[in-house]
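K.L.:
What follows is a single structure, and I will ask about it in a moment.
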Amino acid sequence: MKRIAIFPGSFDPFTNGHLDVVLRGLTLFDEIIVAIGDNSSKSRYFEVGLMVEKINLAFQDEPRVRAESYKGLTSRFANAVGAKSILRGLRNTTDFEYENTLAQANKYLNPLIETVFIITDPKYAAISSSIVREMYKYGADITPFLPYRI
Ligand code: ADP
């Protein structure tokens, strides 16, 4: 049976830190779906459709990865695509506190799905979507942080 994982997140935008988590995740899983949560109550800067397109472009030579958007519960989306694992990245203790709560909630919602964490490569530890987004808003060149052109 194929080992399928979803890598859910806002990806506003998807960064080289996220890319590293996916590439390293491919040593654990046969297929990874980068899943952009399309949550209407949460406003975002880069449109979901644009980001799906850019992520698919970044992985155009890697057929084991694709991007999709989803609405509603992450654990339900995992079920719908046949994923038994939720992949997430960890940079620091702040991430840990949040990820711990999230993983407990997902475990409650679906005990059959495991959350799997990949610890950031120190090279990417300081990259966060929110900082990259701020830089972009104020006209800085963010291409060094992204695996595609924006
Ligand atoms: P969310 O809004 O769900 O936290 P993000 O798009 O900010 O979504 O992040 C998705 C996942 O990627 C999270 O698990 C986050 O901790 C992880 N992540 C973000 N940036 C990095 C990075 N530079 N290195 C490793 N993991 C990261």
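In our numbering, the protein residues as written are 947 to 1096. Note that beta-carbon positions come from the ideal geometry of N, C-alpha and C, so glycine has one too.
According to DSSP, is residue 1013 part of a helix, a strand, or is it coil?
P.N.:
On the sequence shown, residue 1013 is found 67 positions in, with the first residue counted as 1. Residue state, collapsed to three classes: strand.
K.L.:
Any idea what DSSP makes of residue 1077, helix, strand or coil?
P.N.:
Residue mapping note: residue 1077 aligns to position 131 of the sequence shown, counting from 1. It is helical.
K.L.:
Between residue 1034 and the rest of its own chain, which residues show a CB-CB distance below 7 Å, the 5 nearest in sequence each way excluded?
P.N.:
By 1-based counting over the sequence shown, the position of residue 1034 is 88. These residues qualify, in order along the chain: 1045, 1061, 1063.
K.L.:
For the region 994-1013 against the region 951-971, do three or more pairs of beta-carbon atoms, one drawn from each stretch, fall closer than 8 Å, so that the two count as touching?
P.N.:
yes
K.L.:
Is residue 1079 closer than 7 Å to residue 991 when the C-beta atoms are compared?
P.N.:
If you number the sequence shown from 1, residue 991 lands on position 45. If you number the sequence shown from 1, residue 1079 lands on position 133. In contact: residue 991 and residue 1079 (Cβ atoms closer than 7 Å).
K.L.:
Alpha carbon to alpha carbon, what distance is there between residue 951 and residue 1021?
P.N.:
Within the sequence shown, numbered from 1, the residue matching residue 1021 stands at position 75. Within the sequence shown, numbered from 1, the residue matching residue 951 stands at position 5. Distance between the alpha carbons of residue 1021 and residue 951: 11 Å.
K.L.:
Using the Cα positions of residue 986 and residue 1068, report the straight-line distance between them to the nearest angstrom.
P.N.:
Counted from its first residue, the sequence shown places residue 986 at position 40. Counted from its first residue, the sequence shown places residue 1068 at position 122. The straight-line gap from Cα to Cα measures roughly 33 Å.
K.L.:
Below 6 Å CB to CB, which residues in the same chain sit around residue 967 once its five sequence neighbours on both sides are set aside?
P.N.:
Your numbering for residue 967 matches position 21 in the sequence shown. Contacts found: 1035, 1064.
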